[in-house]
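J.: So that we are looking at the same thing, I have put the structure below in structure tokens.
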Amino acid sequence: MNTTTFNALCKIVYNKSGIVLSENKLALVSARINRRLRALNIADPESYLTFLNAKGNDDEFVSLIDAISTNVTSFYRENEHFGFLAEALEQWVGAGQSSFTGWCAAASTGEEPYTLAMTCAETLSPRGATTRILATDISTDVLDKCREGIYRNDKMDGIPAAYRSKYFRNAPPSKLGDPQSQVTESLRKLLSFHRLNLSSPPFPMKGPMDFIFIRNVMIYFDDETRVRLLKEAYRLLKPGGYLMVGHSEGLTNIKSDFQLVRPSIYTK
Ligand SMILES: C[S@@+](CC[C@H](N)C(=O)[O-])C[C@H]1O[C@@H](n2cnc3c(N)ncnc32)[C@H](O)[C@@H]1O
Numbered sequence: 395m396n397t398t399t400f401n402a403l404c405k406i407v408y409n410k411s412g413i414v415l416s417e418n419k420l421a422l423v424s425a426r427i428n429r430r431l432r433a434l435n436i437a438d439p440e441s442y443l444t445f446l447n448a449k450g451n452d453d454e455f456v457s458l459i460d461a462i463s464t465n466v467t468s469f470y471r472e473n474e475h476f477g478f479l480a481e482a483l484e485q486w487v488g489a490g491q492s493s494f495t496g497w498c499a500a501a502s503t504g505e506e507p508y509t510l511a512m513t514c515a516e517t518l519s520p521r522g523a524t525t526r527i528l529a530t531d532i533s534t535d536v537l538d539k540c541r542e543g544i545y546r547n548d549k550m551d552g553i554p555a556a557y558r559s560k561y562f563r564n565a566p567p568s569k570l571g572d573p574q575s576q577v578t579e580s581l582r583k584l585l586s587f588h589r590l591n592l593s594s595p596p597f598p599m600k601g602p603m604d605f606i607f608i609r610n611v612m613i614y615f616d617d618e619t620r621v622r623l624l625k626e627a628y629r630l631l632k633p634g635g636y637l638m639v640g641h642s643e644g645l646t647n648i649k650s651d652f653q654l655v656r657p658s659i660y661t662k
């Protein structure tokens, strides 16, 4: 891919998603775009750019972002956040609250929102309290995986054995023959899945939310996008609620009204 085409694609990706692609990502972007070229039977990146900009090909922007975004995630990733949340939920239930709302803002393939659902179910169900969790992502591909809730067993090591038997059932093996499990309906129904672009506030939700997880996605944005996103997160969080960000994403140099509770955990 030549530099002009790369720069033009970077501009489109930024405008559509807020994702900043630096020059050293040329090889990565080329590899990912190649998948789209094969799928569309297009000869080269330059023709792809023409196709992308042609009238009536708007759906391809979604596929482009699907192809470009990095979806790495895992169950119980950055585990301390879930322990912290469980303690907060216990305190709120103790103070008389009986229904809760949370938002998982970059849900990827579902491991994070399902970890949240297990945390909430384990903490709240015995106390007669309920939760609803909104799981959003810009990628339609990953949202389909979220809805399906099927995971390879070798990707489920982070889940405590008791929760695996309680919240998962055997599923048919993958195409390559790997054993898989599916999230139970009782856990799945705590969640709703929607496409949402974090770089385009305002968002349609009203709040107030008890907790918001925006983890390992702000690293792909510039400060301008981060500031706008955090402003919306602040609007949506209840006073005293918690915002969790990825461990490498502290808000130290970013303008926001959040107060630091401990590294990567903020409150309003
Ligand atoms: C590295 S994954 C992080 C997943 C999860 N939050 C975690 O910490 O394990 C980043 C996710 O952010 C999503 N993403 C990237 N840009 C986005 C945007 N502008 N709006 C919403 N989601 C976005 C990607 O599709 C991807 O699923």
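Numbering (our numbering), first residue to last: 395 to 662. For each residue, glycine too, the CB sits at the ideal point set by N, CA and C.
Indicate whether the contact test is met: 3 or more Cβ pairs, each with one atom in the region 501 to 510 and one in the region 540 to 550, closer than 8 angstroms.
T.: At 8 angstroms Cβ cutoff, the stretches touch.
J.: Per DSSP, W497 is paired with what?
T.: For the purposes of this step, residue 497 is taken as the residue at position 103 of the sequence shown. Bridge partners of W497: L528, I606.
J.: When you compare only the Cα positions, how much space is there between E516 and E618?
T.: Here residue 516 refers to the residue found at position 122 of the sequence shown. Here residue 618 refers to the residue found at position 224 of the sequence shown. Roughly 38 angstroms separates the two Cα atoms.
J.: Pull up the DSSP beta-bridge partners for A421, would you.
T.: On the sequence shown, residue 421 is found 27 positions in, with the first residue counted as 1. DSSP, once it has assigned bridges, lists no residue as partnering A421.
J.: What does a CB cutoff of less than 6 angstroms around I413 pick up in its chain, not counting 5 residues either side in sequence?
T.: Here the question's residue 413 lines up with position 19 in the sequence shown. So the qualifying residues of the chain are V407, Y614.
J.: Measuring alpha carbon to alpha carbon, tell me which of Y561, T646, V466, L570 ends up nearest R609.
T.: As a working mapping, residue 609 is identified with position 215 in the sequence shown. Ranking the options by Cα distance to R609, first place goes to V466.
J.: DSSP has Y636 in a bridge; who is on the other side?
T.: Here residue 636 is taken as the residue at index 242 of the sequence shown, counted from 1. In DSSP, Y636 forms a bridge with F605, T661.
J.: How do the region 624 to 635 and the region 601 to 608 stand: do at least 3 beta-carbon pairs fall below 8 angstroms, yes or no?
T.: Yes, the region 624 to 635 touches the region 601 to 608.
J.: Nearest to T509 by CA position, among S441, P598, Y557, is which residue?
T.: For the purposes of this step, residue 509 is taken as the residue at position 115 of the sequence shown. Residue Y557 is the option with its Cα nearest to T509.
J.: Mind checking whether the beta-carbon of A500 lies closer than 7 angstroms to any heavy atom of ligand 1?
T.: Your numbering for residue 500 matches position 106 in the sequence shown. Result yes, Cβ under 7 angstroms from ligand 1.
J.: Identify the residues that DSSP records as bridge partners of Y545: which are they?
T.: Locating residue 545 in the sequence shown gives position 151, where the first residue counts as 1. BP columns for Y545 point to S575.
J.: If you measure from the CB of S533, is any heavy atom of ligand 1 nearer than 7 angstroms?
T.: Counting from one through the sequence shown, the residue named residue 533 turns up at place 139. Flag set: Cβ of S533 near ligand 1.
J.: Taking the continuous beta strand (DSSP E) assigned at S586, which residues delimit it?
T.: Counting from 1 along the sequence shown, the entry for residue 586 is found at position 192. From DSSP, the beta strand (DSSP E) with S586 extends over 585 to 589.
J.: How would you call K583, buried or exposed, if buried means at least 16 neighbouring beta carbons within 10 angstroms?
T.: For this step, residue 583 is matched to residue 189 along the sequence shown. That one is exposed.
J.: Are the region 433 to 440 and the region 396 to 405 in contact at 8 angstroms, needing three or more beta carbon pairs?
T.: Judged by Cβ distances under 8 angstroms, the region 433 to 440 makes contact with the region 396 to 405, as three or more pairs qualify.
J.: Taking DSSP as the reference, what is the three-state secondary structure of N451?
T.: Position 57 of the sequence shown, counting from 1, holds the residue named residue 451. Looking at N451 - three-state DSSP - the assignment turns out to be coil, as it is neither helix nor strand.
J.: Give me, in chain order, the residues of the same chain whose beta-carbon lies closer than 8 angstroms to that of L420; leave out the 5 immediate sequence neighbours on both sides.
T.: Walking along the sequence shown from the start, residue 420 turns up at place 26. For L420, where only same-chain residues beyond five positions count, the Cβ hits under 8 angstroms are M395, T397, F400.
J.: Nearest CA to the CA of R355: which residue from V639, L592, R430, L537?
T.: The shown model of the chain, from 395 to 662, leaves out residue 355, and the question about it has no answer.
J.: Can you tell me which of K539, A499, F494, N564 puts its alpha carbon nearest to the alpha carbon of S594?
T.: Working through the sequence shown from its first residue, we reach residue 594 at position 200. The shortest C-alpha separation from S594 is found at A499.
J.: So what does DSSP say about R656, is it helix, strand or coil?
T.: Against the sequence shown, residue 656 aligns to sequence position 262. Reduced to three states, the DSSP call for R656 is strand.
J.: Does DSSP classify F476 as helix, strand or coil?
T.: Indexing the sequence shown from 1 puts residue 476 at position 82. Helix.
J.: Which residues does DSSP pair with A565 in a beta bridge?
T.: For this step, residue 565 is matched to residue 171 along the sequence shown. DSSP lists Q574 as partners of A565.
J.: Just the C-alpha distance for K662 and N591, rounded to the nearest angstrom, thanks.
T.: Position 268 of the sequence shown holds residue 662. Position 197 of the sequence shown holds residue 591. Going by the C-alpha atoms only, they are around 23 angstroms apart.
J.: Hey, how far is the Cα of S586 from the Cα of D531?
T.: For the purposes of this step, residue 586 is taken as residue 192 along the sequence shown, with counting starting at 1. For the purposes of this step, residue 531 is taken as residue 137 along the sequence shown, with counting starting at 1. Taking the straight line joining both Cα atoms gives about 12 angstroms.
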